[in-house]
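Take the position in the sequence shown, starting the count at 1, then add 445; the result is the number in my numbering.
Each remark here refers to the structure printed beneath this line.
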Amino acid sequence: METDRPEPIIPRKQFIDLIEEMELDDFATINFKCLKYVSGNISMTELFYIVMAVSLFRPKHIMEFGTFNGRTTLNMAINYEGAIITTVDLPRNKKHRTKFPLEDKGNLRKLDETGYVGNKAKLWQGQDPEIVGRIKQIWEDSAKIQFEKYRDEIDFLFIDASHSYENCKNDSYNGHKIIKKNGIIFWHDYAGWPGVTEALNEYYLEQGEPDNMFWFNDTSIVGRFFNESKKT
Numbered sequence: 446m447e448t449d450r451p452e453p454i455i456p457r458k459q460f461i462d463l464i465e466e467m468e469l470d471d472f473a474t475i476n477f478k479c480l481k482y483v484s485g486n487i488s489m490t491e492l493f494y495i496v497m498a499v500s501l502f503r504p505k506h507i508m509e510f511g512t513f514n515g516r517t518t519l520n521m522a523i524n525y526e527g528a529i530i531t532t533v534d535l536p537r538n539k540k541h542r543t544k545f546p547l548e549d550k551g552n553l554r555k556l557d558e559t560g561y562v563g564n565k566a567k568l569w570q571g572q573d574p575e576i577v578g579r580i581k582q583i584w585e586d587s588a589k590i591q592f593e594k595y596r597d598e599i600d601f602l603f604i605d606a607s608h609s610y611e612n613c614k615n616d617s618y619n620g621h622k623i624i625k626k627n628g629i630i631f632w633h634d635y636a637g638w639p640g641v642t643e644a645l646n647e648y649y650l651e652q653g654e655p656d657n658m659f660w661f662n663d664t665s666i667v668g669r670f671f672n673e674s675k676k677t
């Protein structure tokens with residue numbers, strides 16, 4: 446029996462309006478590589494917003510939950526040479542058991558997420574050694590990583606791992622612990638996957654409906670821009 450799809454409740458925002466409100470210089474030069482889209486990649490518009498954020502905010506330590514083929518990872522790396530990137534992906538191992546289900550309850554598209562797990566071919570392989578040297582791949586379940594060593598360490602976090610409610614909620618709260626007081630979290634697949642939508646709706650409400658959290662128009666990306674008063 447199909448479950449009801451949760452309605453998105455996070456306020457909409459035009460990304461460029463946010464940049465203007467923050468009085469940031471939007472005359473940034475950004476670069477792209479490996480633009481070919483394959484199933485599992487984010488859209489070109491979403492990639493543009495993420496790359497724009499990296500270029501403008503210049504995060505020193507980026508973390509990504511869900512590497513897939515590394516298209517987003519590579520494009521973040523080439524747009525700020527001062528960044529190091531730690532990216533987490535599940536190993537392709539049939540014996541590897543995840544802490545939470547990969548399947549999205551209420552997944553009306555009946556997609557099997559195991560097909561996206563442990564993609565060994567990363568698009569940064571063979572690129573400039575300087576770029577490759579700034580990317581660290583971790584093969585692990587994001588729900589099992591000991592995040593204490595990253596507490597208040599991450600400037601920019603992109604969450605795009607399993608789309609199940611349980612996993613997205615766990616990733617969100619782990620992300621909240623490791624993000625710096627003036628850091629940024631982006632989530633993917635809001636209003637697309639029911640599990641992600643439900644988890645982020647709950648997070649948004651439990652955080653007191655923060656006025657620094659938005660769902661960007663024309664995307665499935667939600668962004669939260671923290672400040673010095675970040676709650677623990």
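Glycine residues also receive a C-beta, built at the ideal position from the N, C-alpha and C atoms.
Output the distance between the C-alpha atoms of residue i and residue j, rounded to the nearest integer angstrom.
i           : j           : result
residue 627 : residue 600 : 7 Å
residue 479 : residue 516 : 7 Å
residue 544 : residue 586 : 7 Å
residue 647 : residue 476 : 35 Å
residue 656 : residue 603 : 19 Å
residue 651 : residue 527 : 34 Å
residue 670 : residue 453 : 19 Å
residue 582 : residue 612 : 20 Å
residue 513 : residue 484 : 10 Å
residue 589 : residue 663 : 33 Å
residue 658 : residue 459 : 12 Å
residue 598 : residue 619 : 12 Å
residue 492 : residue 501 : 14 Å
residue 463 : residue 624 : 20 Å
residue 594 : residue 531 : 13 Å
residue 456 : residue 660 : 6 Å
State the DSSP-derived secondary structure class of residue i, mapped to helix, strand or coil.
i           : result
residue 567 : coil
residue 516 : helix
residue 627 : strand
residue 633 : coil
Roughly how far, in whole angstroms, is the beta-carbon of residue i from the beta-carbon of residue j, given that I think they are within contact range, below 8 Å?
i           : j           : result
residue 470 : residue 461 : About 12 Å; that fails the 8 Å criterion.
residue 631 : residue 495 : 6 Å
residue 569 : residue 606 : Between residue 606 and residue 569 the Cβ distance is about 19 Å, and since that is not below 8 Å, they are no contact.
residue 633 : residue 487 : 6 Å
residue 644 : residue 614 : 4 Å
residue 668 : residue 629 : 7 Å
residue 591 : residue 519 : The Cβ separation is near 27 Å, so there is no contact.
residue 665 : residue 640 : Contact doesn't hold; Cβ gap of about 13 Å is too wide.
Is residue i buried or exposed, if buried means 16 or more other CB atoms sit within 10 Å of its CB?
i           : result
residue 467 : exposed
residue 542 : exposed
residue 617 : buried
residue 635 : buried
residue 498 : buried
residue 534 : buried
residue 482 : exposed
residue 537 : exposed
residue 509 : buried
residue 554 : Its pLDDT being 45, under 50, residue 554 is placed unreliably in this model, and the value from its coordinates should be taken loosely. When all chains shown are included, residue 554 counts as exposed.
residue 511 : buried
May I ask you to check if the CB of residue i is nearer than 7 Å to at least one heavy atom of the ligand COA?
i           : result
residue 468 : In the structure shown, the ligand COA is absent, as is every other ligand, since no ligand is present at all.
| query | At what residue ranges does the region 449-530 contain a whole run of the beta strand (DSSP E), taking only runs of 3 or more? | reply | Listed in chain order, the complete beta strand (DSSP E) runs (minimum 3 residues) inside the region 449-530 are 506-510.
| task | Taking only runs that begin and end inside the region 585-665, name each unbroken alpha helix (DSSP H) of 4 or more residues, in chain order. | result | You should have 610-623, 639-651.
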